[in-house]
Amino acid sequence: MRFLLAAIALAALAACERAPASTAVASEGARVGGHYNAASNTARGVTGDVSIERGGLLFASGIVLFTRTLDPRSGADVISSDGDSFAAAALGPGDLDIELRRVTEQTVPPGRVGLCGGADVAYVALAYDQHTHAMTLLAFTGVEAPGPRATQSRVCASFGYAAPDGARTREGVVL
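Residues -1 to 173 in the working numbering are what the sequence shown spells out, letter by letter.
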């Protein structure tokens, strides 16, 4: 029941957000969205499948993250002043597209652990290549957004997912 209420709230939040400008800049890259199947042991054990919406992420385990999309990043960008790149953390190539989101609220069902165990998730990065069906979700703790000047941002977990029918981007499905 809580999952249903959270899903309804997330849908309402997504409907209330301002629509993206019709003159999107090509360098912003495509946004990932839709349903993804849990592909890694961590994803299967903690979150289950995920539905990625404009206003947040809904996990089959009942965890809901309400998010705000930040400026796009590339796989080569570093995640902290003394850290690896997004691509290294996601175990992918340097040309990955990174959709960084700030977590504004999270709902964790009773008896479950969140994406970062007992710690609050502050940011998530959706790392994907537009020509594959795989997507890696990196969860971060810390008050700062991941980036080259961040000193208080750390990866707390990594989850692997796969699109059931090809990669989903704002431009459509890539098979």
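By construction, the Cβ of each residue, glycine as well, lies at the ideal position given by its N, Cα and C atoms.
**Message:** Quick check on Gln104: buried or exposed, where buried means 16 or more other Cβ atoms within 10 Å of its Cβ?
**Reply:** Buried, since its Cβ has 16 or more Cβ neighbours within 10 Å.
**Message:** Do Ala58 and Ala86 count as a contact pair if the criterion is CB distance below 9 Å?
**Reply:** Ala86 is not a Cβ neighbour of Ala58, given a cutoff of 9 Å.
**Request:** Look at the Cβ atom of Cys154, then the Cβ atom of Val119, and state whether they are nearer than 9 Å.
**Result:** Between Cys154 and Val119, the C-beta spacing is below 9 Å.
**Message:** Taking a contact to mean a Cβ-Cβ separation below 9 Å, would you say Ser216 touches Pro146 in this structure?
**Reply:** This structure leaves residue 216 out entirely; the chain is present only between -1 and 173.
**Request:** Measure the C-alpha to C-alpha separation of Gly112 and Ile96 and round it to an integer number of angstroms.
**Result:** In a straight line, the C-alpha of Gly112 is about 22 Å away from that of Ile96.
**Message:** Using CA atoms only, rank isn't needed, just tell me which of Pro70, Val122, Asn39 and Gly115 is closest to Ser151.
**Reply:** Comparing C-alpha distances from Ser151 to each of Pro70, Val122, Asn39 and Gly115 shows the shortest one belongs to Val122.
**Request:** Would you decide whether Leu124 is buried or exposed? Buried here means 16 or more other CB atoms lie within 10 Å of its CB.
**Result:** By the 10 Å Cβ count, Leu124 comes out buried.
**Prompt:** Along the chain, where does the beta strand (DSSP E) that runs through Ala123 open and close?
**Reply:** For Ala123, the enclosing beta strand (DSSP E) stretches over residues Tyr121 to Tyr126.
**Message:** Runs of 3 residues minimum, wholly inside the stretch 76 to 115: which ones carry the beta strand (DSSP E) assignment?
**Reply:** DSSP runs (the beta strand (DSSP E)) wholly in the stretch 76 to 115: 95 to 105.
**Item:** Close beta carbons around Ala137, own chain, < 6 Å, minus the five adjacent residues each side
**Value:** Excluding sequence neighbours, Ala137 sits near Leu113, Cys114, Val119, Val122, Cys154 and Ala155.
**Asked** If you draw a straight line from the alpha carbon of Pro108 to that of Gly60, how long is it in whole angstroms?
**Response** Distance between the alpha carbons of Pro108 and Gly60 is about 10 Å.
**Message:** Could you tell me the alpha carbon to alpha carbon distance between Gly201 and Gly81, rounded to whole angstroms?
**Reply:** Only positions -1 to 173 of the chain appear in the structure, and residue 201 is not among them; the question remains open.
**Request:** Could you tell me if Gly54 is buried or exposed, where buried requires 16 or more neighbouring beta carbons within 10 angstroms of its beta carbon?
**Result:** So Gly54 counts as buried.
**Message:** Distance check for Arg52 and His131, CA to CA, integer angstroms please.
**Reply:** So the two alpha carbons sit approximately 19 Å from each other.
**Asked** Buried or exposed: which applies to Val62, given that a residue is buried once 16 or more other Cβ atoms fall within 10 Å of its Cβ?
**Response** Val62 sits buried, since 16 or more C-beta atoms from the chains shown fall within 10 Å of its C-beta.
**Request:** In the DSSP assignment, find the beta strand (DSSP E) that holds His33 and state where it starts and stops.
**Result:** Annotation for His33: the continuous beta strand (DSSP E) segment containing it runs Gly32 to Ala36.
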